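Chemist:
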Amino acid sequence: MSDHENALIVTLDQAAKHFGRLRALDGVSLSVAAGDCIGLVGHNGAGKSTLVNLINGGLAPSSGTIVFSGGDTAHVAGVRSVFQELSLCPNLTVAENLKISHSALKGPGWRRSARAEIRASLDEIFPDHGISADAQVDMLSIAQRQMVEIAIGFAPRGTQARLVILDEPTSSLDEGIAGQLLAHIRRFCASGGAVVFISHMLGEIFKVASRIIVLKDGRIVDERASGAFTRQGLVDVMGHVAPESAQVAGARSDPGSEILRTAQGLAARKGEIVGLSGLAGHGQAEALAHLYLSRSSAWRPRKSPEVVFVAGDRPRDGVLPLWSILCNISISVLQQTARRGLVNRQAETAIAAEWKSRIGVRTDDVRNPILSLSGGNQQKVLFARALASQAPLVIMDDPMRGVDVGTKQDVYAMIRAEAANGRTFLWYSTETEEVCQCDRVFVFRNHEISAELTGVDISEEKILEASFAMQEAS
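Counted the way our numbering counts, the sequence shown spans residues 609 to 1082.
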C-alpha cells in the first residue's frame, strides 16, 4: 500500500438532498479514503444515484456539508463517475469521446494523443478488447460502449483519478469481461486509488468491496466490513427477503406445441421460457432483433400484436424520454383499448395504475416524466409495457440490467406465472444464473448456436463449455 492509503478523498457530514417534498437523501455521513473500495447497495430508488451525484459534484446538498481533500471541487480532487446510463456521444469516435472530458488535449496533434491514451487505458483494464480508438461509438455493441466509458473513467486525462464511482459497470458485460474489470478495481485500490462500486450483482460486491454501505429510503441503514455480511444478511438489511440464488418462482408447466423455429435453429414452444446465452456480442441480441422485426409491423401497430420487446439498452431501444411514465406503459395497449380509433383515457389510466402497483414502480404520480425515475424503475416500466399487452410472445434482451435483487424476484415470479398461462418468453441474459432458470437454453458462439441445453444439462459448466467449444475447434 502507498503512504497515502488512509488519506481522505471526500467527507460527507449529514448531507441531504430534497426535491420538493421528496427526500432523495436524508442526512448521510460517510468518508472515502485512498485504498477504499466501498460497495454501495440498496433497492432502486434508495438514493444511490443522488448520493453519487453529491460526491461527484453534479448536485449541491440541500443541507449538510461535503468536503473534498486536495481541492475545492470533485474534479480537482480527482473524482470520476461512470454511470449506468451510458453517456458517450454516439456520433463521435472513441478517441473523440475521451477529448470531451480531457481539457488538456489541445493543438493539431491531439487526436494522436487521445488515441494513445484511450488505447492504453482499454489495454490495461480489458486485455484483447478489440476496440479501435477510431471506431464511431454508435457502431459499437452496448458491451463495448460500457468498456469505453469505464476506460475513460480510469484514464489519466491530465490528472490521475483518485476516486472512481462505478454505477452498475458490469450490467452489459459477460462474466469474463466483468472479471477483468473486478481485477483492475482490486489493483487500482491496492495502489492507493478508491472506488465506490454500485451493483445489484451481490456476488461482485463481495468480490471487490472492503466495506459495504446499505442505503434505504435515502439513509444509511447499515455499514460494515464486507466480511461481516452474508449475502442473505445483506438482502435482509436492504429490506426485501429473497432466496440465496435467483429462481424463477412457481412450478414449471409442460410446454405446448412449437410456435416458432428460425433458420438459425432457435425454437420455442407455447408456455416455454427459452434462454439465450454465451459470451456477450456473439449474435444473441441480433437474433432476437431479427425475430422481433420479422413478426411485427414496421409502419402500422396491430390491435393484437404477435410479439412485444423488452429492451436492456433503455436509452437507445426502450424508454420514450419526452413522455410520462403513464404513456411509456400504455403505448403497448392503446390499440386494444381504443374506441373507434380514439384513445380510451380511462382504460389507459387504469392499466398504468394497475402495473405501477403490480411491478412496484416508485413514483407518486404516473404522469411524472419517465426520466424522473431511477434506471431500475425505468426498466420496470418497460416490463409493465410488455406484460400489459396481449402478445403471446415476449422477447427480452438482457432486461435485468440495473434491477435490484428484490425486483428481480418479483419479475421472475411474473414471468413464470405468465408462462403457466401460455405466454412464451425468449430471454437473453448476460447473467448465467438467470439463464439457468429457463426451460431450454440456446448457447451462441460466433453468431451461431453452438448448443441446445435442456433439463439437468442447463448449468453454468455446460454453458461455458459450449461458449468456448467453437472457438477451440476453429
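Glycine residues also receive a C-beta, built at the ideal position from the N, C-alpha and C atoms. Note that the coordinates shown come from a computational prediction; the quantities given were computed from them, not determined experimentally.
For Gly647, report the span of its alpha helix (DSSP H) as first-last.
Modeler: Taken as a continuous stretch (DSSP letters only), Gly647 belongs to no alpha helix (DSSP H), being part of the beta strand (DSSP E) at 645-649.
Chemist: In three-state DSSP terms, what is Lys707?
Modeler: In this structure, Lys707 counts as helix in the three-state DSSP scheme.
Chemist: Inspect the CB distances between the segment 863-872 and the segment 1007-1019 and report whether three or more fall short of 8 angstroms.
Modeler: Taking 8 angstroms as the limit for Cβ pairs, the verdict is that the segment 1007-1019 does not touch the segment 863-872.
Chemist: Curious, which full-length alpha helix (DSSP H) runs of at least 4 residues does the segment 680-756 contain?
Modeler: Complete alpha helix (DSSP H) runs here, min 4: 702-708, 718-733.
Chemist: From Gln873 to Glu783, what does the alpha carbon distance come to, in whole angstroms?
Modeler: The question names Gln, yet the displayed sequence has Gly at residue 873. Approximately 25 angstroms, taken between the alpha carbons.
Chemist: Using only CA atoms, which one of Ala955, Phe917, Ser807 lies nearest to Met1004?
Modeler: Comparing Cα-Cα distances from Met1004 to each of Ala955, Phe917, Ser807, the minimum goes to Phe917.
Chemist: Helix, strand or coil, according to DSSP, for Gln622 in the structure here?
Modeler: It is a strand residue.
Chemist: Kindly indicate which three-state DSSP category Ile939 falls into: helix, strand or coil?
Modeler: Coil at Ile939, not helix or strand.
Chemist: Who are the Cβ neighbours of Glu914 in its own chain at under 8 angstroms, not counting the five residues just before and after it?
Modeler: The answer, listed in chain order, is Arg903, Ser904, Ala999, Pro1000, Leu1001.
Chemist: Tell me the rounded alpha-carbon separation between Phe627 and Thr658.
Modeler: Rounded to the nearest angstrom, the two C-alpha atoms are 11 angstroms apart.
Chemist: Using C-beta distances below 6 angstroms, list every residue in its chain close to Val849, excluding the 5 sequence neighbours before and after it, in chain order.
Modeler: Confidence is the limiting factor: at Val849 the pLDDT is only 37, short of 50, which leaves the residue's position unreliable, though a coordinate-based value still follows. Excluding positions up to five away in sequence, the list is empty.
Chemist: Under a Cβ-count criterion, where at least 16 other Cβ atoms within 10 Å of its own Cβ denotes burial, should Val951 be classed as buried or exposed?
Modeler: That one is exposed.
Chemist: Where do the N-terminal and C-terminal ends of the beta strand (DSSP E) with Asp825 fall, by residue?
Modeler: Unbroken run through Asp825: none, as it is neither H nor E.
Chemist: When the Cα atoms are used, what is the spatial distance from Gln744 to Asn705?
Modeler: Each residue's alpha carbon lies about 10 angstroms from the other.
Chemist: Suppose you measure from the CA of Ala854 to the CA of Glu1042; what does that come to, to the nearest Å?
Modeler: At Ala854, the pLDDT of 40 sits below 50, so the modelled position is not reliable; the number obtained from the coordinates is stated separately. If I take the Cα positions, the gap works out to 7 angstroms.
Chemist: Helix, strand or coil for Val915 per DSSP?
Modeler: Strand at Val915.
Chemist: Quick check on Asp782: does DSSP put it in helix, strand or coil?
Modeler: Asp782 falls in the coil class under three-state DSSP.
Chemist: For Ala919, which residues in the same chain have their Cβ closer than 8 angstroms to its Cβ, ignoring the five residues on either side in sequence?
Modeler: So the list reads Asp925, Gly926, Leu990, Asp1005, Pro1007, once near-sequence residues are dropped.
Chemist: In the DSSP assignment, what residue or residues form a beta bridge with Trp963?
Modeler: BP columns for Trp963 are empty, so no partner.
Chemist: Whose C-beta lies closer than 8 angstroms to the C-beta of Asn985 among residues of the same chain, with five residues either side of it excluded?
Modeler: Same-chain partners within the cutoff: Asn652, Gly653, Val969, Arg970, Thr971.
Chemist: Where Gln987 and Gly715 are concerned, what is the direct C-alpha to C-alpha distance, given to the nearest angstrom?
Modeler: Approximately 43 angstroms between the Cα atoms of the pair.
Chemist: Here's a check: name, in chain order, each residue in its chain whose Cβ is nearer than 6 angstroms to the Cβ of Glu1060, leaving out the five neighbours to either side.
Modeler: Only Phe1050 meet the Cβ criterion.
Chemist: Leaving out five residues before and five after Leu810 in sequence, what residues of the same chain have Cβ atoms less than 8 angstroms from its Cβ?
Modeler: Here the set comprises Val649, Arg839, Leu842, Val843, Val1013.
Chemist: Kindly indicate which residue of Thr957, Ile1066, Leu942 has the alpha-carbon position closest to the one of Val974.
Modeler: When each option's Cα is compared against that of Val974, the closest is Thr957.
Chemist: Between the segment 633-650 and the segment 789-807, are three or more C-beta pairs nearer than 8 angstroms?
Modeler: Cβ pair count under 8 angstroms is three or more, so yes.
Chemist: For Val882, which option in Arg753, Asp825, Glu725, Thr1062 has the closest C-alpha, if you only look at C-alpha atoms?
Modeler: Of Arg753, Asp825, Glu725, Thr1062, the residue nearest in Cα terms is Thr1062.
Chemist: Reducing DSSP to helix, strand and coil, say where Ile1057 ends up.
Modeler: Three-state result, Ile1057: strand.
Chemist: Beta-carbon separation of Ala817 and Cys645 under 7 angstroms?
Modeler: Yes, Cβ-Cβ distance for Ala817 and Cys645 is below 7 angstroms.
Chemist: Figure out for me which residue from His890, Trp963, Val1064 has the closest Cα to the Cα of Arg1053.
Modeler: The shortest Cα separation from Arg1053 among His890, Trp963, Val1064 belongs to His890.
Chemist: Is any heavy atom of the ligand ZN found at a distance shorter than 6 angstroms from the C-beta of Asp621?
Modeler: Among the components modelled here there is no ligand, and therefore nothing to report on the ligand ZN.
Chemist: Go ahead and pull the three-state DSSP assignment for Ala888.
Modeler: Coil at Ala888, not helix or strand.
Chemist: Which residue's Cα is closest to the Cα of Leu781: Phe796, Ala798, Glu757?
Modeler: Looking at the Cα atoms, Glu757 is the closest of the given residues.
Chemist: Give me the residue from Val660, Ile1057, Lys656 with the minimum Cα distance to His808.
Modeler: Among Val660, Ile1057, Lys656, the Cα nearest to that of His808 belongs to Lys656.
Chemist: Run the CB neighbour count on Ser610, radius 10 Å, all protein chains shown included, and call it buried at 16 or more, exposed below.
Modeler: Bear in mind that the predicted position of Ser610 carries a pLDDT of just 41, short of 50, making it too unreliable to give a figure here.
Chemist: Rounded to whole angstroms, what is the Cα-Cα separation between Ser912 and Asp775?
Modeler: C-alpha separation (whole angstroms): 38 angstroms.
Chemist: Pairs of beta-carbons, one from the segment 709-728 and one from the segment 790-800, closer than 8 angstroms: are there three or more?
Modeler: Cβ pair count under 8 angstroms is below three, so no.
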